[in-house]
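One structure below.
Chains as they are written, first to last, in the numbering used here: chain A, 3 to 95; chain B, 5 to 904.
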């Protein structure tokens, strides 16, 4: 079970959180202006990297705030979390 | 039978404290400190149980969790369906019987001891209490760590024997010293009979402690996890290697040294490594005659040492088979140049090398590599930064000749997995069918699928497969053994989270007790208990629902609607926010008015529905479906936090703060009038889809003119604790009008007659507003709302999408089961695949319509109105006419009471 560092509450068990998938997929400014392909890309297509990526978690059984977490998908190692609007932490090479 | 208990030795038992133990009704002499296996051996019980598949007699084979043969059911003092005998600690009044293969649950009651769950945080968790683990735990304690040490055995020290030394002092004294210091140190927990079932991310370890009378499942979050899990000795396959009297060499040493039990009188040792020679010396000192040491290696210091003790050492020889009935009485051996011999012995000890115990290491992603010198798989690379593995588990095991089975023409009695009765011949047959991967061989032979997870058979199987394919040694490793490391009862995993209360919360409304007192039948809706129907006398459900629904249509009924989700959305930007969440505009609503709204997912599919009441310019009261309340609140918060943090909006769940009494029916206004209220009841001053605050029966209330039945309706919302008084006031005031409480089933029927959908029943996450015929609720201006862009995707504008329609069975008595598939009449009787046109989502018998009817999602359904479809069912086909999905009061003439 992951130990997720909530930026508001500190490290907490994964079972307190709800998963939100890939981070940094902002809602388009004008969805109506997007082609069907561009909208489908926003709606359905997600990265699936092996290694560190940013993903969203919500501390559902705690502060109920969303945050972003950088996690290595191969090792589950977490490199840190950050509040919405903040830049991601450095990932050591 | 003669006792095999030695006069000397047995440092792990207390000879002054005998324990009453019976096995299959027979009393066993046993002492405190014994395991059931040591007691069985001490009392000369050669056969513990038959093998599960072939029924071959089997005895104690090991002294630990790797046991593949001796399985028992513990019937007293607390029931365990199946346990390896070496892992059963004897206690007074222990009773056990042999139990091969599959455990059987106890008759009557659950017979399972209560289990507690404990959650702890430690700096260092050490798994394994052998010398390596003790040393590590001591170092952790001394540097001030909060430390936990767990071991699956009922003692600390692992397999250390009284001949061993640690740090220059006798091992047993060293163990006692260290254990003593650990047990008296602050912030230190030492658990025995405690198995680490699995190691998970970020130092999370689940530990099963078989403590009495309350078993404990520990959830440990450790800053650092140290695996000191040791190594298991490995057998060698040869003919009849499963006979009672065949045992792992290390097990015989443990039984002699720790328990003072000689596993036999005259032993042959068959070994690939120096441990076999060491064991021979220990056993000889304990009084066991060593007939010979058969060493497949070419000799070395260990062989020389054995010879110096006068032991007959055969280098380059191998055991080819055994004789006996059932216990071993003779051992067949063969040597270089065709030499063969039979040696009389009642004990055959095997050491085929050592397998580091790496299951927990592998489970969290640790790698393995084959070590040629030791002929085994050892940890490779670094695991996660918080995890380390050391000692024998890390590969500190004796070097070994890579010898896996004794060659023979007939390999059909060379047992590899003793618990699955699988042989070398079975493995080779699987390979002969072109199976290459050990994972495939496992599934063809069942090797490694038993309780022991292939602890003694996995590496052996991989070696046989590699050899058969001509691949290098270690080309493939053993199959992956997943958690739990040893079996754990479901009752332990459940802990106290059992039964109707603790398994899952039950939510009841403030009016619940009234429903119970009046004989309601209840329906589960999520965690809620809702009255399903209120039977009178010996009414059936159908009869009750018919009576309740007619009461609503013809007089007045009352429903407890308190479970509907309720959210207050407040703030200067609340109207802007709701406009983005709903398909219709909420910002243009006047204060005091109500709008029905649909919410969509980004994919354009209906997500939830409800009404939005504007209480003030900046305050809205939103209702959701009963099951969708939490999801809607989650969604509101997600958009506000992640996309529109600039919007000044707060959302608060107020579901529990309000109780809702819904008064429905043509006489609803009469009932409300009888309640004494300052709220105007006429349709002009209090029109449909508006909300009024006022006093009802002396209680502060918020009354909403919303209707889920199509009838004149007033929903009275009061603070939760006024729910029952308000309900009772309504029942009393309604008496002259024959007010009838109705449940969810009548509610469903009534709304379906009106064609009102239930999100989650008539929709399934693939349904757009257009599919429901509800395009009228999607605004036409060019402002955005969640899901809007998806409504013009090519897939969502297909004309052949499933659309909501009504179905009227041609036979008005025929009832279509919900979920029934609908096909074209021309499809009836055709060979599959039959084109499925749609399915029934809601289906009822309507006393108002005097017939059955249904709602359905049908491909291109609106184009099919007027045609006939067929539901092919086992009891006979049902034909139904496709209709519009509204069956009653199409012109909405009843909602103001006008139709009464």
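Ideal Cβ positions, reconstructed from N, Cα and C, are used throughout, including at glycine.
Note that the structure is a prediction, hence the values are computed from the model and not measured.
Just how far apart, CA to CA, sit residue i and residue j?
i, j, result
"residue 352(B)", "residue 72(B)", "16 angstroms"
"residue 41(A)", "residue 584(B)", "18 angstroms"
"residue 213(B)", "residue 45(A)", "48 angstroms"
"residue 440(B)", "residue 380(B)", "20 angstroms"
"residue 445(B)", "residue 432(B)", "9 angstroms"
"residue 904(B)", "residue 703(B)", "Its pLDDT being 42, under 50, residue 904(B) is placed unreliably by the model, and the measurement read from it follows with that caveat. Spanning the two alpha carbons is a distance of roughly 28 angstroms."
"residue 796(B)", "residue 790(B)", "13 angstroms"
"residue 617(B)", "residue 29(A)", "28 angstroms"
"residue 94(B)", "residue 256(B)", "19 angstroms"
"residue 50(B)", "residue 402(B)", "30 angstroms"
"residue 467(B)", "residue 428(B)", "11 angstroms"
"residue 289(B)", "residue 328(B)", "26 angstroms"
"residue 780(B)", "residue 657(B)", "29 angstroms"
"residue 124(B)", "residue 132(B)", "18 angstroms"
"residue 160(B)", "residue 180(B)", "9 angstroms"
"residue 126(B)", "residue 94(A)", "27 angstroms"
"residue 51(A)", "residue 206(B)", "21 angstroms"
"residue 79(A)", "residue 19(A)", "17 angstroms"
"residue 620(B)", "residue 21(A)", "35 angstroms"
"residue 140(B)", "residue 33(A)", "60 angstroms"
"residue 296(B)", "residue 251(B)", "15 angstroms"
Below 7 angstroms between beta carbons: does that hold for residue i and residue j?
i, j, result
"residue 321(B)", "residue 298(B)", "yes"
"residue 774(B)", "residue 889(B)", "no"
"residue 669(B)", "residue 556(B)", "yes"
"residue 8(B)", "residue 266(B)", "yes"
"residue 392(B)", "residue 421(B)", "no"
"residue 240(B)", "residue 356(B)", "yes"
"residue 242(B)", "residue 418(B)", "yes"
"residue 857(B)", "residue 808(B)", "no"
"residue 489(B)", "residue 201(B)", "yes"
"residue 874(B)", "residue 841(B)", "no"
"residue 253(B)", "residue 283(B)", "yes"
"residue 529(B)", "residue 627(B)", "no"
"residue 204(B)", "residue 3(A)", "yes"
Using CA coordinates, which residue listed in the options is at the minimum distance from residue i?
i, options, result
"residue 761(B)", "397(B), 312(B), 776(B) and 496(B)", "776(B)"
"residue 469(B)", "436(B), 460(B) and 492(B)", "436(B)"
"residue 690(B)", "296(B), 557(B), 339(B) and 707(B)", "707(B)"
"residue 19(B)", "608(B), 43(B) and 438(B)", "43(B)"
"residue 82(B)", "134(B), 197(B) and 215(B)", "215(B)"
"residue 406(B)", "499(B), 300(B) and 211(B)", "300(B)"
"residue 258(B)", "39(B), 816(B) and 575(B)", "39(B)"
"residue 563(B)", "524(B), 364(B) and 763(B)", "524(B)"
"residue 518(B)", "678(B), 735(B), 606(B) and 676(B)", "735(B)"
"residue 412(B)", "397(B), 482(B), 448(B) and 337(B)", "337(B)"
"residue 655(B)", "674(B), 581(B), 605(B) and 479(B)", "581(B)"
Chain D partners of residue i, CB-CB under 8 angstroms?
i, result
"residue 79(A)", "Although the question refers to chain D, the structure presented lacks it and instead comprises the protein chains A and B."
Worksheet item: Taking the runs of the beta strand (DSSP E) that are 3 residues or longer, which of them lie wholly in the segment 697-772 of chain B?
Response: Secondary structure within the segment 697-772 of chain B: the beta strand (DSSP E) runs of 3 or more consecutive residues, fully enclosed, are 703-708 and 717-723 (chain order).
Practice prompt. Can you check the segment 499-562 of chain B for any alpha helix (DSSP H) of at least 4 residues that lies completely inside it and give the ranges in chain order?
Written response: 503-506, 516-521 and 545-558, all fully within the segment 499-562 of chain B.
Worksheet item: Relative to chain B, which residues along the segment 36-53 of chain A have a C-beta separation below 9 angstroms, given in chain order?
Response: Correct list: 36, 38, 41, 42, 44, 45 and 46.
Worksheet item: What residues in the segment 476-508 of chain B bring their beta carbon closer than 9 angstroms to a beta carbon of chain A?
Response: Flagged: no residues at all.
Worksheet entry | the segment 57-76 of chain A: positions lying closer than 9 angstroms to chain B by Cβ | Of all residues in the segment 57-76 of chain A, the ones placed with a Cβ closer than 9 angstroms to any Cβ belonging to chain B are 58, 60, 62, 66, 67, 68 and 76, in chain order.
Fill in: Short-range partners of chain A found in the segment 759-792 of chain B, where Cβ spacing is below 9 angstroms
The segment 759-792 of chain B vs chain A, Cβ under 9 angstroms: 786, 788, 790 and 792.
Fill in: Residues within the segment 242-264 of chain B neighbouring chain A, beta-carbon criterion of under 8 angstroms
Answer set for the segment 242-264 of chain B: empty.
Worksheet item: What are the start and end residues of each continuous beta strand (DSSP E) run of 3 or more residues lying completely inside the segment 147-235 of chain B, in chain order?
Response: Those beta strand (DSSP E) runs which fall completely within the segment 147-235 of chain B and span 3+ residues are 151-154, 192-195, 198-204, 208-213 and 219-231.
Worksheet item: Which residue spans inside the segment 418-474 of chain B form an unbroken beta strand (DSSP E) run of at least 3?
Response: Correct list: 419-421.
Worksheet item: What beta strand (DSSP E) runs, 3 residues minimum, are completely inside the segment 26-96 of chain B?
Response: If we require 3 residues or more, the beta strand (DSSP E) runs fully inside the segment 26-96 of chain B come out as 30-36, 75-80 and 84-88.
Item to complete: Mind checking the segment 200-229 of chain B against chain A and listing, in chain order, the residues whose C-beta falls within less than 8 angstroms of any C-beta there?
Response: Cβ contacts with chain A: 204, 205, 206, 207, 208 and 225.
Worksheet item: Of all the beta strand (DSSP E) runs that stay within the bounds of the segment 281-359 of chain B, which reach a length of 3 or more residues?
Response: If we require 3 residues or more, the beta strand (DSSP E) runs fully inside the segment 281-359 of chain B come out as 293-299, 317-319, 322-328, 332-338, 344-348 and 351-355.
Discussion item. Please give me, in chain order, every unbroken run of the beta strand (DSSP E) with length at least 3 that falls completely inside the segment 562-611 of chain B.
Written reply: You should have 569-574 and 598-604.
Discussion item. Please list, in chain order, the residues of the segment 53-71 of chain B that have any C-beta partner in chain A closer than 8 angstroms.
Written reply: Within the segment 53-71 of chain B, no residue has a Cβ that lies closer than 8 angstroms to any Cβ of chain A.
Worksheet item: Where in the segment 640-684 of chain B do unbroken runs of the alpha helix (DSSP H), each at least 4 residues long, occur, reported from the N-terminal end onward?
Response: The alpha helix (DSSP H) runs lying completely inside the segment 640-684 of chain B and spanning 4 residues or more are 672-678, given in chain order.
Worksheet item: Between the segment 356-372 of chain B and chain A, which residues of the former have CB atoms less than 8 angstroms from a CB of the latter, in chain order?
Response: Listed by position along the chain: 369.
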